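**Student:** One structure, pasted below without further comment.
Residue numbers (the numbering used here): 340 to 559.
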């Protein structure tokens, strides 16, 4: 009956073992590597990526009707990331865990976590966004693809959001903030003015009724 079907879709599923011990390895000091060591490192990352893909496919195969797995795949598509650019497999693994663990949770919390996700920062270049050298890739996608949808913001909003998102950078696993890289000037975003940072931008986005309409339509 329908109640059993809903219970089955919403059932808890047990975690698989991690794809490999490499998810716990510290970031290698590859700046000091010679070419042979770099080639070896890249080859090991390629093997790890294959292990990661197989690990996720096992989840999907064994739990194809489970809401967590369906939404993990949905969010992966929604946030549109790819290992083609993020060649560091631990970053992709930890992003997948974030999507899975928050797949049926609070959407604002998930957007906040993805804003500061190392793989996302590399994928959409917020890692390279700093005062005096604004990179709008992430702020544009945040507004167009992730939260509001095309036509519900201006080009100025994209720029002002990017300014507010400056100062953060990542080594692939950890997030850092450097105040000297942050644009601490006044910004005007979606009709509000202030010395906004990344958290303020997310708050303002989620004050917009359009954000709820957008994600509900996408889910539907």
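Each residue gets a CB set at the ideal place from its N, CA and C atoms; glycine is no exception.
Since this is a predicted model, take the numbers as computed values, not measurements.
Take residue 555 as the anchor and find which of 488, 529, 492 and 505 has the nearest alpha-carbon.
**Tutor:** 488
**Student:** Between which residues of its own chain and residue 516 is the CB-CB distance below 6 Å, once the five residues before and five after are set aside?
**Tutor:** 506 and 507
**Student:** Exposed or buried, what is residue 441 when buried is set at 16 or more other beta-carbons lying within 10 Å of its beta-carbon?
**Tutor:** It is buried - the Cβ of residue 441 has at least 16 other Cβ atoms within 10 Å.
**Student:** Exposed or buried, what is residue 352 when buried is set at 16 or more other beta-carbons lying within 10 Å of its beta-carbon?
**Tutor:** Residue 352 comes out exposed.
**Student:** Taking the C-alpha atoms as reference points, what is the distance between residue 358 and residue 368?
**Tutor:** 23 Å
**Student:** State the beta-bridge partners of residue 505 as determined by DSSP.
**Tutor:** None; residue 505 has no bridge partner.
**Student:** Taking only the alpha-carbon atoms, compute the straight-line gap between residue 405 and residue 371 and give it to the nearest angstrom.
**Tutor:** Rounded to whole angstroms, residue 405 to residue 371 spans 45 Å at the Cα level.
**Student:** Tell me which residue opens and which closes the beta strand (DSSP E) that residue 531 is part of.
**Tutor:** 531-533
**Student:** Go to residue 514, then tell me how far its beta strand (DSSP E) extends in each direction, as first and last residue.
**Tutor:** 514-516
**Student:** So the beta strand (DSSP E) residue 528 belongs to, where does it begin and stop?
**Tutor:** 526-528
**Student:** Please work out which residues of its chain come closer than 7 Å, Cβ to Cβ, to residue 496, disregarding the five sequence neighbours upstream and downstream, and give them in chain order.
**Tutor:** 482, 528 and 529
**Student:** Can you name, in chain order, every residue of its own chain whose Cβ lies under 6 Å from the Cβ of residue 350, other than the five neighbours on each side?
**Tutor:** none
**Student:** Which residues mark the beginning and the end of the alpha helix (DSSP H) in which residue 476 is found?
**Tutor:** 476-480
**Student:** Under the three-state reduction of DSSP, which class applies to residue 379: helix, strand or coil?
**Tutor:** Per DSSP, reduced to three states, the secondary structure at residue 379 is helical.
**Student:** Can you name the residues that DSSP bridges to residue 472?
**Tutor:** The partner list for residue 472 (beta bridge, DSSP) reads 469.
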